[in-house]
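Sequence order for the protein chains is A and B. Numbering-wise (the working numbering), the first sequence opens with residue 1 and increments by one. Numbering-wise (the working numbering), the second sequence opens with residue 137 and increments by one. Presented below is the structure to which this report refers.
2 protein chains.
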Amino acid sequence: MKKRRKELRLATGEIEILEILWQAGAATIAQAHESHKRKVGYTTVQTRLNRLVEKGLAKRIGSHPASYQAVIQPEDVSRDDLKVLVDRVTGGRVVPLVAHLVKDRKLSSEEIRELKELINEAERRNQKSKSGEGEQ
Amino acid sequence: MKKRRKELRLATGEIEILEILWQAGAATIAQAHESHKRKVGYTTVQTRLNRLVEKGLAKRIGSHPASYQAVIQPEDVSRDDLKVLVDRVTGGRVVPLVAHLVKDRKLSSEEIRELKELINEAERRNQKSKSGEGEQ
DNA sequence: CCTCTTTTACGACATGTGTCATAAGCGGGA
DNA sequence: TCCCGCTTATGACACATGTCGTAAAAGAGG
């Protein structure tokens, strides 16, 4: 059975650290400390990392220069925290959000293709159930 | 000069309340309490609302059944908090995020059209600058 | 084996958050 | 005018977070 975390509410700061781990795959305290934008003390990073481990959001690997690795994936966050956040902030409107995303960075042809595919799927789904929904 | 808030780090919970205010425009404690999904005590909402005011993120209007109104707008959040969050959480990868968004809800034909348009734009932009970037 | 540097382990502390319970205040109807 | 229910004002608390300082442990060299 799936180890289902009931809520997964990430604090702003926790994501700060997780970002680093996701980006690097794994990082030692020193590395994480380096990558940390808003510079803070070394031990601060250490503590944060450890607390993340305690909460089961990350795990330690190796002994001396131990590396930390995120246990949860970005997708996991999307499902809980981010989902609500994004949905509400964009008022449930995906277009503005997507606009922001695609305009802000350059996509590869591959991504473009996948995106199109997604839209098409949605369209098909949309077509299929075109019965009666009138709330504007 | 613009009153530039230096950082704007919103705690997960603050957004919960702000959402309500954005959605309603303004709300009394009672109303906010009602609209609050994850039900909590009346005074809890009261406290949260007040703390928001203290931090200048919302303001009180009227006296007896006082209404609270958000001072910052969703856009403000998008620009600071959300932007970083989304970008990083999806690891810079928009596809998974969009996938999540479009699969999770039904889009109107209108939205589908707009989405397609966005993708096409991106594609065009992509085409234009197809010179040399080889990092996979 | 001794010393220096890098890693870890702890412990501390001020704030921030989440959640309430209680106790005053106030207006309107009986 | 007096009481009742809805509003506010406080005060409390436990736990979470943000940030470190220090001291103990472990390897790397000499």
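Each residue gets a CB set at the ideal place from its N, CA and C atoms; glycine is no exception.
Suppose the cutoff is 7 Å on Cβ atoms and the five residues either side in sequence are ignored; what does the same chain contact list for residue i look like?
i        : result
Ala176/A : Coverage of chain A is limited to positions 1 through 136, which leaves residue 176/A absent and any answer about it impossible.
Ala166/B : none
Gln136/A : At Gln136/A the pLDDT is 35, less than 50, meaning the model places this residue with poor confidence; the figure from the coordinates comes in the next sentence. Result list for Gln136/A: empty, nothing under 7 Å.
Taking residue i as the query, report the chain B residues whose CB atoms sit under 8 Å from its CB, ordered along the chain.
i        : result
Leu118/A : Val231, Val234, Ala235, Val238, Lys239
Ala70/A  : Those within 8 Å of Ala70/A in chain B number zero; the least Cβ separation is about 11 Å.
Cβ closer than 7 Å: which chain B residues qualify as neighbours of residue i?
i        : result
Glu123/A : Ile248
Ala58/A  : Ordered by position in chain B, no residue passes the 7 Å Cβ test against Ala58/A, which lies about 15 Å from the chain.
Ala32/A  : The premise fails here: Ala32/A is roughly 14 Å from chain B at the closest Cβ pair, so nothing lies under 7 Å.
Report the option in the options whose CA atom is closest to the CA atom of residue i.
i        : options                                : result
Ile153/B : Gly177/B, Val176/B, Glu246/B, Arg184/B : Arg184/B
Arg113/A : Glu259/B, Glu150/B, Pro210/B, Tyr204/B : Glu259/B
Ile141/A : Glu110/A, Lys116/A, Ala70/A            : Outside the displayed range of chain A (1 to 136) lies residue 141/A, so it cannot be described from this structure.
Ile208/B : Ala162/B, Ile255/B, Gln263/B           : Ala162/B
Leu243/B : Val102/A, Ile119/A, Leu115/A           : Ile119/A
Glu111/A : Val231/B, Val238/B, Gly198/B           : Val231/B
Which residues in chain A sit within 8 Å of residue i, going by Cβ to Cβ distance?
i        : result
Ser171/B : Residues of chain A passing the Cβ test: none, with the nearest at roughly 12 Å.
Ser203/B : Those do not exist, as Ser203/B stays about 20 Å from chain A at its closest Cβ, beyond 8 Å.
Could you compute how far the alpha carbon of residue i sits from the alpha carbon of residue j?
i        : j        : result
Arg261/B : Glu121/A : 24 Å
Leu146/B : Trp158/B : 15 Å
Ala194/B : Leu188/B : 6 Å
Ala99/A  : Gly41/A  : 37 Å
Glu253/B : Ala160/B : 31 Å
Gly192/B : His200/B : 20 Å
Ser245/B : Lys175/B : 35 Å
Thr43/A  : Gln263/B : 47 Å
Pro210/B : Val102/A : 19 Å
Leu251/B : Leu115/A : 9 Å
Sorted by chain position, which residues of the same chain lie with C-beta nearer than 6 Å to residue i's C-beta, five sequence neighbours on each side aside?
i        : result
Ser171/B : Ile156
Might you give, ordered along the chain, the residues of its own chain that have their beta carbon closer than 8 Å to the beta carbon of residue i, omitting 5 neighbours on each side?
i        : result
Val181/B : Ile153, Ile165, Ala168, His169, His172
Asn50/A  : none
Gly13/A  : Arg48
Gly134/A : Note that Gly134/A has pLDDT 40, beneath the 50 cutoff, so the model's placement of it is unreliable and the number below is only indicative. Contacts found: none.
Tyr204/B : Leu157, Ala162, Ala163, Thr164, Ile165, Ala168, Leu185, Leu188, Val189, Ala194, Lys195, Arg196, Ile197
List the residues of chain B whose Cβ lies closer than 9 Å to the Cβ of residue i, in chain order.
i        : result
Leu107/A : Val230, Val231, Ile255, Ala258, Glu259, Arg261, Asn262
Along chain A, in chain order, which residues have C-beta atoms closer than 7 Å to that of residue i?
i        : result
Leu251/B : Val95, Val98, Ile119
Entirely enclosed beta strand (DSSP E) segments - the segment 150 to 207 of chain B, minimum 3 residues
194 to 197, 203 to 206
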